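**Q** Residue numbers (our numbering), protein chains in the order written: chain A, 229 to 598; chain B, 229 to 598; chain C, 229 to 598; chain D, 229 to 598.
4 protein chains.
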Amino acid sequence: MSANSFGKLLTVTTFGESHGPAIGCIIDGCPPGIAIAPEDFRADLSRRATGRSRFVSQRRESDEVEILSGVHGGRTTGTPIALLIRNTDARSKDYAQVSQTFRPGHADYTYWHKYGLRDPRGGGRSSARETTVRVAAAVIAKRWLAGLGIRVQGWISAIGPCVPGRIEFSAIEDNPLFWPDPDTLPEVEAFLDGLRKSGDSIGARVSVVAEGVPVGLGEPLYGKLDGDLASALMGINAVKAVEIGDGVEVIRQRGSEHRDELTPAGFLSNHAGGILGGISSGQPILAHVAIKPTSSILVPGRSVNLAGEPVEVVTRGRHDPCVGIRAVPIVEAMLALVLMDHLLRHRAQCGDVPAMSPRVPAPPFQPESA
Amino acid sequence: MSANSFGKLLTVTTFGESHGPAIGCIIDGCPPGIAIAPEDFRADLSRRATGRSRFVSQRRESDEVEILSGVHGGRTTGTPIALLIRNTDARSKDYAQVSQTFRPGHADYTYWHKYGLRDPRGGGRSSARETTVRVAAAVIAKRWLAGLGIRVQGWISAIGPCVPGRIEFSAIEDNPLFWPDPDTLPEVEAFLDGLRKSGDSIGARVSVVAEGVPVGLGEPLYGKLDGDLASALMGINAVKAVEIGDGVEVIRQRGSEHRDELTPAGFLSNHAGGILGGISSGQPILAHVAIKPTSSILVPGRSVNLAGEPVEVVTRGRHDPCVGIRAVPIVEAMLALVLMDHLLRHRAQCGDVPAMSPRVPAPPFQPESA
Amino acid sequence: MSANSFGKLLTVTTFGESHGPAIGCIIDGCPPGIAIAPEDFRADLSRRATGRSRFVSQRRESDEVEILSGVHGGRTTGTPIALLIRNTDARSKDYAQVSQTFRPGHADYTYWHKYGLRDPRGGGRSSARETTVRVAAAVIAKRWLAGLGIRVQGWISAIGPCVPGRIEFSAIEDNPLFWPDPDTLPEVEAFLDGLRKSGDSIGARVSVVAEGVPVGLGEPLYGKLDGDLASALMGINAVKAVEIGDGVEVIRQRGSEHRDELTPAGFLSNHAGGILGGISSGQPILAHVAIKPTSSILVPGRSVNLAGEPVEVVTRGRHDPCVGIRAVPIVEAMLALVLMDHLLRHRAQCGDVPAMSPRVPAPPFQPESA
Amino acid sequence: MSANSFGKLLTVTTFGESHGPAIGCIIDGCPPGIAIAPEDFRADLSRRATGRSRFVSQRRESDEVEILSGVHGGRTTGTPIALLIRNTDARSKDYAQVSQTFRPGHADYTYWHKYGLRDPRGGGRSSARETTVRVAAAVIAKRWLAGLGIRVQGWISAIGPCVPGRIEFSAIEDNPLFWPDPDTLPEVEAFLDGLRKSGDSIGARVSVVAEGVPVGLGEPLYGKLDGDLASALMGINAVKAVEIGDGVEVIRQRGSEHRDELTPAGFLSNHAGGILGGISSGQPILAHVAIKPTSSILVPGRSVNLAGEPVEVVTRGRHDPCVGIRAVPIVEAMLALVLMDHLLRHRAQCGDVPAMSPRVPAPPFQPESA
């Protein structure tokens, strides 16, 4: 199986480099009959796009999606769906210096040693540019999930030292930072402005919730829902940690506190983040990722060049002071794709299992407790 | 592909329930010629075993490994290696109550709804008993890795509020808690004794390092070394978070602090945990997992039974006050298996790539900074 | 994915050598709730067994199946099902000579060069002994298929120059040769007796039909039903050709003859063998394999030994004059497993597609025309 | 894993319909450093192309390959290679009638029932148009294999009743029929001319040989070289049988005749077609496929329409009287891709196995005996 594919039944295979002719993907295993058109991709791609605020890279890509196959008469046909996005604003000259130097914190050094050569333009394959097609593929998944009453929403739950005081879902899309707390938004913007002036960058935490997920998704033991989700999220550029539910907090919790008690009226808490034994419990699925600060900054750093000599590196291209911000729709995309894959997998093996009772009610996601 | 398999080229497929006749696995893709005998499994299985201290479950399994295939004349033949371990101390009567009740925090409820029936004896398939065969399979991987100069070592880096003051590798195996700091060991033991008396349980953090890993392992973008590792580690029972390198700390770091600078004399830090762009950098691979407190405790908890009626649950079986302790060899096992798989994958695609220079020296793992 | 696994959603992974301690398999992805007990395996294993007539190898194996996991209370639980069969009549001394010699027509030479060592006892992993577990795994598949009205039946359609004059389904199981024509049975037996006296062996053709298969199974283009079936059948020991429907006869057919016309009353023929464009048509699935004569014969043959010197080889172990005979239940097994896998795959992707009309009736299989 | 992917380590995923905007593929797992340019695809694509003689479909496609990713500075980089071919001569109006009718012998009926809708233009996904990208992908594989001294060559070994009197490799590419016998070429052309006038079509047999393949390729038991080859070849449009070596002839052979004896001077025959126990023997790999006559003919045929009413079908589009002819480069392509995949797989598992002796010489392929 291709190392550039993910998903077992809903399989997405991507291609493309940051400054090559195009990026794109093939989505296979998609059920037939889903309505989809090129314009349906615009909203989410725009959420991920560069250039939409002063806090992200100023590269401007039109991100027009061409559907090359798998859709006929406006509906998916069950055959592979190929999506193509041309690269239009690739300024390769910005990266001339890069080809002779290993930028610290980047994949330059590791690609060089693995493959013996690399495409240095804009980070090549290791660029976050590729995540555009993940978001595009997930547009189809989100639509299909919506038809089943499943909704995925992400937000920024920390930028450096700043954490939101509360989570207001309706506020998230009102600002380019996906910041869920209008009260502390000015403070975060001021922090980022200061950072930008200093030429440095900062890490972030992205949270995501899926509501309406039925009980039963996940294939124990090596296709667990949280195991697959961990792989999908850790594989996003710059992610260094994945947490499910209470995540690292469980280290300090007692069993009497952590276990989510059940009553006929419903679960009493959701420390588990909606997954027990690798299988969804019917409670909201909650996950978080830690995203490192980009290493492409104006602050000079030490490195070596291809000749092994010490050099000073200053990255002058178009970069994000906080790459975590644009990661929000990407994290949503990966969760949506994993959920759709698992819904198909569950239908395959357990399509005949009758609905069991008792079904313990799952309270809706409580943003304030996240 | 089986959902009870992991690994692409070195593939381990496991079977077995906690209280069924046996557990075991098939290891496929293993290179021929590796010397292996039944007694080679004892050391690591004993590290994972129950019953070896008062801090872990008192179930006593002999864990004798029978090699059913794939080894001839004491060496692997390249054909599938089947390992069989009989269950001998399965007291199913302890679990009679369980069959009518969903234990909070366990997989009872989710297995029931997914499959419409379940094997309730000792948690069935969802029991940590299965991890025994992961450790067994990894004995072969560790041996093969050792031949390449690669060594994997895990330890406990937190139990509830207790954190080691320092990390002394030589001390880890001297106590049944895999605690790396002899000075604070009595304090941790006292904490666990108190916990045991209260009938409660506690979370833990397990850390693991692999030293000697060459640069170049990992298949970007969906077979990244950290992506595969995240799946392997999150799939271990009770794990709720996976961190690579600095993990969740990166949220608060600046780019000028996080990026690991390179000089001709070597990398100046290892915040990345040895992985850049999904590919190993030649620095030590460092990962951590957060393990939740077991929900099987003497403290009464609320739940519902199969009839949907409210019940009180008290778990009287043999359980661990801190399941994280026994997870240390399991975490090592998953890392070893992922590394061996990726070494084979790398050899397949890049076996012809010449060694590139400059190779930046990687300082050895600095336990004190972990 | 393990090279000793087959099936995408219903995945069977096998292990074991001819003269090792045991053979067995892990069946994963099986729907929960299927009733299965150890004695259910006996009938089909006995059909495949050695020693049941003078025309097959005289090795006598009890072939008792132990269910190690995945079944609770007599029903599959959805977790991996492990089956274990101990080898009891392995006379390794018969094969002492083999370890120093490459038997012509066997896998000795190729295993030696691939792996640099081999288990020479009874052919090791390359022995047809392994097919026992395929038949065992398929017992579960056949039962599940029967519940959907699908029936699989194989027979011998040629042994050397002998071909049945007609195909009488009721006669197949009445003789140990799976010969469908009682009239020509004595002639075939006489042919085989003569062959046995001469110490030589003969090839055979096995045919198989599946009736009741619904329209729609198969994933174009690289998971086609015929593509997967070809792999499954060619992978059986000694198979050198796989035909679907009219098979090699199509070379001489015209389009006006081959295409199976449709009328409201039904298809008018079934040259295609029930598969069009890689997808089942609702007509009976018909396939054939050509099985080579075993190379283990009393007629002396030339070969070389490990030192590269010329040697004469005479195989004195227990072998079949016509290995094709015992292949009948194996061919059935592979077809049953492929069908079950594809039914699950189809349910995953197209579980929501409504039944379309018109549905063209498919006449039942016409044995006389096979 | 995508059902539109093939290959385990060298994975090709294809997309596209006959009359959609484009067809293409993603090739993943390719070693870095292979020189490749857009013009390198022309020769083989032209061999497969329509319109190059009066014996094949008159559709004229430019088949210009655009490399979208995975190549930098004229060399493969190890990242996914995306190839795009635009459809330029798609006359969808030819197929207006098709959308209301199930053409006998085509995938119309089965796609309709599987997916509940279909793209009827030119057969949509089930069209042989897709095979263009298989040939394109194999251009890279053939080049890599050539560097290892491996050469793949296909030819037509039967068209209906016509069989070549001899096989002259140098003659194959001198005529548009890939006919290896100049003496009987006029006879075949006359046969095809007569067929074309009658508006009918004919089946064919395609043979292929790979020379220079080292001993040791193939992963027993479910990744056997012949098993994977059977799947790859049966998956080609219109193929109804796959034979390895002597194929269906083995049914009538005796063991003393079939087994390929070994002497220090070499193998004495190659009835096995270069594969023993699923592993290459070092002898030439020889395979054959039987290709059915196309069902798209001028001879009227019976069928039903979407309303279930009987209709008469006459196919007036551009079709091939013998689709087998253009299959020659496709069969070569599938063999080349399977071989490259298995070379990488073998290097992964057995890269450390030393060259074993004795190595029995393999005589070159004897065309006259094929």
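For every residue, glycine included, the Cβ atom is placed at its ideal position computed from N, Cα and C.
Please read these numbers as outputs of a predicted model, since none were measured by experiment.
1. What's the gap between the Cα of Cys599 (chain D) and the Cα of Asn498 (chain D)?
2. Give me, in chain order, the residues of the same chain whose beta-carbon lies closer than 8 Å to that of Ala598 (chain C); leave out the 5 immediate sequence neighbours on both sides.
3. Using 8 Å as the cut-off, can you tell me whether the region 561-575 of chain A makes contact with the region 533-541 of chain A, which would need three or more C-beta pairs spanning the two stretches below that distance?
4. Out of D:Ala500, D:Arg433 and D:Gln481, state which residue places its alpha-carbon closest to the alpha-carbon of Ala518 (chain D).
5. Do we get a CB-CB distance below 8 Å when we pair Ile378 (chain C) with the residues of chain A?
6. Between Gln594 (chain D) and chain B, is there a C-beta pair that is closer than 8 Å?
7. To which residues does DSSP link His516 (chain D) through a beta bridge?
8. Entirely within the region 264-291 of chain C and at least 3 residues each: give me those beta strand (DSSP E) ranges in chain order.
9. Under 8 Å, Cβ to Cβ, is there at least one residue of chain B near Ala576 (chain D)?
10. Ends of the alpha helix (DSSP H) at Asp421 (chain A)?
11. Under 8 Å, Cβ to Cβ, is there at least one residue of chain A near Ile254 (chain D)?
12. For the candidate residues C:Pro448, C:Pro549, C:Val532 and C:Pro260, whose alpha-carbon lies nearest to that of Pro521 (chain C)?
13. Contact criterion: CB-CB distance below 8 Å. Does Ala598 (chain B) meet it with respect to chain C?
14. Quick one: does Lys452 (chain A) have its CB under 8 Å from some CB of chain B?
15. To the nearest angstrom, how far is the alpha carbon of Ile464 (chain C) from that of Gln328 (chain A)?
16. Output the boundary residues of the alpha helix (DSSP H) element that contains Glu560 (chain A).
17. Tell me Phe397 (chain C)'s beta-bridge partners as DSSP assigns them.
18. Just how far apart, CA to CA, sit Val299 (chain B) and Ser230 (chain B)?
19. In whole angstroms, give me the CA-to-CA distance for Ile553 (chain C) and Ile525 (chain C).
20. Can you list the residues of chain C that His300 (chain B) reaches, using a CB-CB cut of under 9 Å?
21. Three or more C-beta pairs under 8 Å: does that hold for the region 246-261 of chain B against the region 574-591 of chain A?
22. Can you give me the start and stop residues for the beta strand (DSSP E) that Trp340 (chain B) sits inside?
23. Taking DSSP as the reference, what is the three-state secondary structure of Lys236 (chain C)?
24. For Thr412 (chain A), go through chain B and note every residue whose CB falls closer than 9 Å to its CB, in chain order.
25. Taking 8 Å as the threshold, find out whether the region 301-315 of chain A comes into contact with the region 230-250 of chain A through three or more Cβ pairs.
26. Have a look at the DSSP bridge pairing and note the partners of Gln381 (chain D).
27. CB-CB under 8 Å to Pro266 (chain A), same chain, minus the five flanking residues each way: which ones, in chain order?
28. Helix, strand or coil: how does DSSP classify Gly388 (chain C) here?
29. Listing by chain order, which chain D residues have their CB less than 7 Å from the CB of Gly257 (chain B)?
30. Have a look at B:Thr305, B:Val380, B:Pro408 and B:Leu345 and flag the residue whose alpha-carbon is nearest the alpha-carbon of Met562 (chain B).
31. Does Gly234 (chain D) pass the burial test, meaning 16 or more other C-beta atoms within 10 Å, or should it be called exposed?
32. State the start and end residues of the unbroken beta strand (DSSP E) segment that holds Ile368 (chain B).
33. According to the Cβ coordinates, are Pro582 (chain A) and Gly494 (chain A) closer than 8 Å?
34. Compare the C-beta of Ala491 (chain D) with all C-beta atoms of chain C and state if any pair is closer than 8 Å.
35. Quick check: is the beta carbon of Ser233 (chain B) nearer than 8 Å to any beta carbon in chain C?
36. So the beta strand (DSSP E) Asp256 (chain C) belongs to, where does it begin and stop?
**A** Quick look at the numbers:
1. Because chain D in this structure spans residues 229 to 598, residue 599 (chain D) falls outside the shown range and cannot be described.
2. By one-based count along the third sequence, residue 598 (chain C) stands at place 370. With a pLDDT of only 46 at Ala598 (chain C), under the threshold of 50, the placement of this residue in the model should not be trusted; the figure read from the coordinates follows. Cβ neighbours of Ala598 (chain C) beyond the five flanking positions: Ser385, Ile395, Ser435, Val437 and Leu514.
3. no
4. Against the fourth sequence, residue 518 (chain D) aligns to sequence position 290. Looking at the Cα atoms, D:Arg433 is the closest of the given residues.
5. The residue you call residue 378 (chain C) lines up with position 150 of the third sequence. Not closer than 8 Å to any Cβ of chain A, the Cβ of Ile378 (chain C) fails to qualify, so no.
6. As a working note, residue 594 (chain D) is residue 366 in the fourth sequence. No, its Cβ sits nowhere closer than 8 Å to a Cβ of chain B.
7. In the fourth sequence, the residue the question calls residue 516 (chain D) occupies position 288. DSSP, once it has assigned bridges, lists D:Ser435 and D:Glu471 as partnering His516 (chain D).
8. none
9. Here residue 576 (chain D) corresponds to residue number 348 of the fourth sequence, with the count starting at 1. Closer than 8 Å to some Cβ of chain B, the Cβ of Ala576 (chain D) qualifies, so yes.
10. Taking the first residue of the first sequence as 1, we reach residue 421 (chain A) at position 193. Taken as a continuous stretch (DSSP letters only), the alpha helix (DSSP H) holding Asp421 (chain A) covers Leu413 to Ser426.
11. Translated into the one-based positions of the fourth sequence, residue 254 (chain D) becomes position 26. Yes, its Cβ sits closer than 8 Å to a Cβ of chain A.
12. Within the third sequence, the letter at position 293 stands for residue 521 (chain C). When only C-alpha atoms are compared, the closest one is C:Pro549.
13. The residue labelled residue 598 (chain B) in the question sits at position 370 within the second sequence. Reliability of the predicted coordinates at Ala598 (chain B) is poor, the pLDDT of 46 falling under 50, and no value is obtained from them.
14. Taking the first sequence and counting its residues from 1, one reaches residue 452 (chain A) at position 224. Cβ-Cβ to chain B under 8 Å: yes for Lys452 (chain A).
15. Along the third sequence, one-based indexing puts residue 464 (chain C) at 236. Along the first sequence, one-based indexing puts residue 328 (chain A) at 100. When rounded, the distance between both Cα atoms is 54 Å.
16. Start at 1 with the first residue of the first sequence, and residue 560 (chain A) comes out as number 332. Ala555 to Cys578 is the span of the alpha helix (DSSP H), which, as asked, contains Glu560 (chain A).
17. Position 169 of the third sequence, counted from the start, is the residue given in the question as residue 397 (chain C). Paired residue(s): none; Phe397 (chain C) is not in a bridge.
18. One-based indexing of the second sequence puts residue 299 (chain B) at position 71. One-based indexing of the second sequence puts residue 230 (chain B) at position 2. Straight-line Cα distance between these residues: approximately 24 Å.
19. Numbered from its first residue, the third sequence carries residue 553 (chain C) at position 325. Numbered from its first residue, the third sequence carries residue 525 (chain C) at position 297. Between Ile553 (chain C) and Ile525 (chain C), the C-alpha separation is close to 16 Å.
20. By one-based count along the second sequence, residue 300 (chain B) stands at place 72. Those are Glu245, Gly248, Leu345, Arg346, Asp347, Pro348, Arg349 and Gly352, listed as they occur along chain C.
21. no
22. Residue mapping note: residue 340 (chain B) aligns to position 112 of the second sequence, counting from 1. No beta strand (DSSP E) holds Trp340 (chain B); the alpha helix (DSSP H) holding it covers Asp336 to Tyr343.
23. Residue numbering aside, residue 236 (chain C) sits at position 8 when the third sequence is read from its first letter. Looking at Lys236 (chain C) - three-state DSSP - the assignment turns out to be coil, as it is neither helix nor strand.
24. Taking the first residue of the first sequence as position 1, residue 412 (chain A) is located at position 184. By Cβ distance, chain B contributes nothing, its closest Cβ being about 16 Å from Thr412 (chain A), past 9 Å.
25. yes
26. The residue labelled residue 381 (chain D) in the question sits at position 153 within the fourth sequence. D:Val437, per the DSSP bridge assignment.
27. To locate residue 266 (chain A), count along the first sequence from 1; it is residue 38. Around Pro266 (chain A): Glu292, Val293, Glu294 and Ile295.
28. As a first step, residue 388 (chain C) must be located in the third sequence, where it is residue number 160. Coil at Gly388 (chain C), not helix or strand.
29. As a first step, residue 257 (chain B) is located in the second sequence; it is residue number 29 there, counting from the start. Going along chain D in sequence order, the residues near Gly257 (chain B) (Cβ under 7 Å) are Gln577.
30. In the second sequence, counting from the first residue as 1, residue 562 (chain B) sits at position 334. It is B:Val380 whose Cα lies nearest to the Cα of Met562 (chain B).
31. The residue you call residue 234 (chain D) lines up with position 6 of the fourth sequence. Looking at the sequence provided, one finds Phe at residue 234 (chain D) rather than Gly. So Phe234 (chain D) ends up on the buried side.
32. If you number the second sequence from 1, residue 368 (chain B) lands on position 140. Premise fails: Ile368 (chain B) lies in the alpha helix (DSSP H), Thr359 to Gly375, not in any beta strand (DSSP E).
33. The sequence position of residue 582 (chain A) within the first sequence is 354, counting from 1. The sequence position of residue 494 (chain A) within the first sequence is 266, counting from 1. No. Outside cutoff.
34. Numbered from its first residue, the fourth sequence carries residue 491 (chain D) at position 263. It is worth fixing the name first, because residue 491 (chain D) is Thr in this sequence and not Ala. Chain C contact via Cβ: present.
35. Position 5 of the second sequence, counted from the first residue, corresponds to residue 233 (chain B). Output row for Ser233 (chain B): interface = yes.
36. Reading the third sequence from its first residue, position 28 is the one you call residue 256 (chain C). Note, Asp256 (chain C): beta strand (DSSP E), Ala250 to Asp256.
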